[in-house]
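The block underneath contains the structure these notes are about, expressed in structure tokens.
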Amino acid sequence: MSALVVEGVTGRAGTDQPVVVIGAGPAGLAAAEHLLDAGAQVVVVDGAPEVGGLSRSIELWGHRFDLGPHSFRSDAHPESVTRWLDLAGAVGGVERTRARRSAVWRGRVVGFPPRPGQVLRTVGAGATARAAGARLAATLNRREPRTPVDAYQALVASHGRAVVEELLAPYTRKYLGAHPRDLSPAFADELQGTRRAGERPVELLTPSEGTGAVWDELARRLRARGARILLGTTVTGLSATDGRVTAVRVRDTSAEFSIAARAVVSSVPAPVLVRWLPGTTAPSGPSLRSRDTYLVHLLLDGDVGQDSHHVTACDESLRVGRLSNTRVWRPAAFRDEPRTVLCAEFWSSGDDDLSARTDHELAQLAIAELPAFGVDRGVRVLDHDVLRLPRSVPVPTRGAEAARAQLDVQLDAFSNLARVGRHGRHDGIGPEDALLAGRSISAHVLTTV
Ligand SMILES: Cc1cc2nc3c(=O)[nH]c(=O)nc-3n(C[C@H](O)[C@H](O)[C@H](O)COP(=O)(O)OP(=O)(O)OC[C@H]3O[C@@H](n4cnc5c(N)ncnc54)[C@H](O)[C@@H]3O)c2cc1C
């Protein structure tokens, strides 16, 4: 490998070397901005041809779509909301819609999580009384742990056992391949996000030009401030000596080269990072696993008449996990559009029967299940598009916390290395948190700037 440097961003070892940010997804870009604010020279590298990571948008049938519509909630951190509106405002603004989620449960479409009246209608008086009793017992019984040890305990305390066993456990098995007992309590908060008691109704702030446009705009501003963003440039390893990372090894279409680095901020999965560094070992066991998402976009003739942002299929006989209707997310953008685009999401371990299906078979499966989501049987499907996102969903198992701690000890030993983002920290952060991700760059790394 030649010891090439990137013109204009590397120089003498020492103060004029850049901080290299690995990944130009939301977390990497936000980290780059934070580093610029702190006065650093910044180089961002990403193997993809465009910025935005899993939050990029794609062009289909004359519109820009997210990789599965991304929600940015109005109750996010106020600073994050202000920043979002500022960035989105520069690229067409946002469409505000009241957050609505529903679920297919025993053949009915109910709220998600369901309201008590819907539980009553769906499972009957006996099961509803048992659910209410369980909830009361969870509140009153001092023997019940005050701090839940897993997502199951947290969910049962809020919804009762019947709803968790019948509705939420099938969902987590489908989505994450795990029962709530095997998931961390933090996942319960994530799941219950749209119905926090006592709060104002949540609006979704969806960029009119797609979520990816926000990241394009942020990248434009970073470049204007002097950051270099090298796309199509994959990191293949790191060089380190004496507990410091000294260079990032990369490959683009024409060459392999090294970028000397004063510090490194990574948004790639921590287990990958560990493999790049000398003297470290990846945690054993499957505790930091991720699942795949397969997105099937369907172009339909006419308006199919649904009013939820997401309809989640908790019924395990349905293979589609979630269906979303772009008209609900961006009503203004689709007002004059005679067609509707639905996005069906499948979740897979990567080695199951879903992963073995061809794109055409996945699309046929999604189309066959549309009526269960309330879509008219007679609707005409004009076209489809299938996109596979490997390892896009980190699974928040209870074991993940211990494995993460094991990784933290090893990675924090490198004094000029920080990790940010969904994969960097193996948690379920979304764009709302990503905008503040730069803050999590450890003080010890910022002091090298
Ligand atoms: C279907 C779907 C729906 C979602 N919906 C929502 C939602 O509604 N609301 C929400 O808040 N969040 C949602 N998310 C999550 C959101 O997309 C992510 O949380 C967010 O993109 C994470 O940002 P990140 O920068 O941490 O990681 P990423 O977006 O994954 O970015 C990581 C970047 O690192 C790059 N990279 C990886 N390895 C290398 C390497 N070796 N060399 C160079 N570059 C590398 C990748 O190319 C990528 O660009 C959804 C995700 C999916 C898949």
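For the sequence shown, counting from 1, position 406 maps to 1409 in the working numbering; every step adds exactly one. Ideal Cβ placement from N, Cα and C applies to all residues, glycine included.
Near ligand 1: residue i beta-carbon under 7 Å from a heavy atom
i, result
"residue 1324", "no"
"residue 1037", "no"
"residue 1062", "no"
"residue 1073", "yes"
"residue 1051", "yes"
"residue 1426", "yes"
"residue 1024", "no"
"residue 1091", "no"
"residue 1220", "no"
"residue 1021", "no"
"residue 1480", "Missing from the structure shown is residue 1480; the chain here goes from 1004 to 1452 and no further."
"residue 1048", "yes"
"residue 1385", "no"
"residue 1267", "no"
"residue 1083", "no"
"residue 1270", "yes"
"residue 1437", "yes"
"residue 1030", "yes"
"residue 1058", "yes"
"residue 1242", "no"
"residue 1329", "no"
"residue 1131", "no"
"residue 1395", "yes"
"residue 1027", "yes"
Proximity test, residue i beta-carbon vs ligand 2 heavy atom, cut-off 7 Å
i, result
"residue 1235", "In terms of ligand content, the structure shown lacks ligand 2 and carries ligand 1 instead."
Own chain partners of residue i with C-beta closer than 8 Å, once the 5 adjacent residues on each side are dropped
i, result
"residue 1145", "Summary for residue 1145: the model assigns pLDDT 48, below 50, so the residue's position carries little reliability; its value from the coordinates is reported in the next sentence. If we look at residue 1145 and ignore the five residues flanking it on each side, it has no Cβ neighbours."
"residue 1009", "Legend: pLDDT at residue 1009 = 43, less than 50; position of this residue unreliable, value from coordinates given subsequently. Within the same chain, residue 1009 has close Cβ partners 1046, 1231, 1233, 1260 and 1262."
"residue 1442", "1037"
"residue 1318", "1107, 1108, 1109, 1110, 1173 and 1375"
Straight-line gap, residue i to residue j (C-alpha atoms, nearest Å)
i, j, result
"residue 1357", "residue 1398", "18 Å"
"residue 1019", "residue 1392", "37 Å"
"residue 1109", "residue 1096", "39 Å"
"residue 1094", "residue 1254", "32 Å"
"residue 1057", "residue 1173", "25 Å"
"residue 1132", "residue 1117", "15 Å"
"residue 1299", "residue 1070", "10 Å"
"residue 1453", "residue 1178", "The shown model of the chain, from 1004 to 1452, leaves out residue 1453, and the question about it has no answer."
"residue 1067", "residue 1059", "10 Å"
"residue 1283", "residue 1101", "47 Å"
"residue 1378", "residue 1308", "7 Å"
"residue 1211", "residue 1247", "43 Å"
"residue 1000", "residue 1341", "The structure shown does not extend to residue 1000, since the chain is modelled only from 1004 to 1452, so the question has no answer here."
"residue 1223", "residue 1176", "40 Å"
"residue 1157", "residue 1244", "45 Å"
"residue 1373", "residue 1161", "30 Å"
"residue 1354", "residue 1394", "12 Å"
"residue 1239", "residue 1023", "14 Å"
"residue 1073", "residue 1153", "27 Å"
"residue 1087", "residue 1327", "22 Å"
"residue 1092", "residue 1129", "51 Å"
"residue 1405", "residue 1083", "30 Å"
"residue 1225", "residue 1033", "9 Å"
"residue 1360", "residue 1388", "14 Å"
Residue-level contact to chain B via CB, residue i, 8 Å cutoff
i, result
"residue 1373", "Here there is only one protein chain, and chain B is not present."
Beta-carbon contacts of residue i that lie in its chain and below 7 Å, excluding the five residues immediately before and after
i, result
"residue 1256", "1235"
"residue 1113", "1105, 1106, 1121 and 1125"
"residue 1237", "1050, 1253 and 1254"
"residue 1421", "1268, 1444, 1445 and 1448"
"residue 1352", "1180 and 1294"
"residue 1304", "1342, 1382, 1383 and 1385"
"residue 1426", "1270, 1271, 1272 and 1397"
"residue 1330", "1306, 1337 and 1343"
"residue 1311", "1103, 1104, 1105 and 1331"
Residues near residue i in its chain [Cβ-Cβ closer than 6 Å; skip 5 each side]
i, result
"residue 1044", "1021"
"residue 1339", "none"
"residue 1030", "1270, 1423, 1424, 1437 and 1440"
"residue 1242", "1249 and 1250"
"residue 1306", "1343"
"residue 1390", "1298"
#### Entry: Three or more C-beta pairs below 8 Å linking the region 1036-1046 and the region 1161-1178
In this structure the region 1036-1046 does not touch the region 1161-1178; the number of beta carbon pairs closer than 8 Å is below three.
### Task
Spell out a yes or no on whether the region 1178-1190 and the region 1218-1231 are touching, meaning 3 or more CB-CB pairs, one atom from each, closer than 8 Å.
Under the three-pair Cβ rule at 8 Å, the region 1178-1190 does not count as touching the region 1218-1231.
#### Entry: Segment contact, 8 Å Cβ cut-off, at least three pairs: the region 1408-1418 with the region 1362-1374
Contact between the region 1408-1418 and the region 1362-1374 is absent, because fewer than three Cβ pairs lie under 8 Å.
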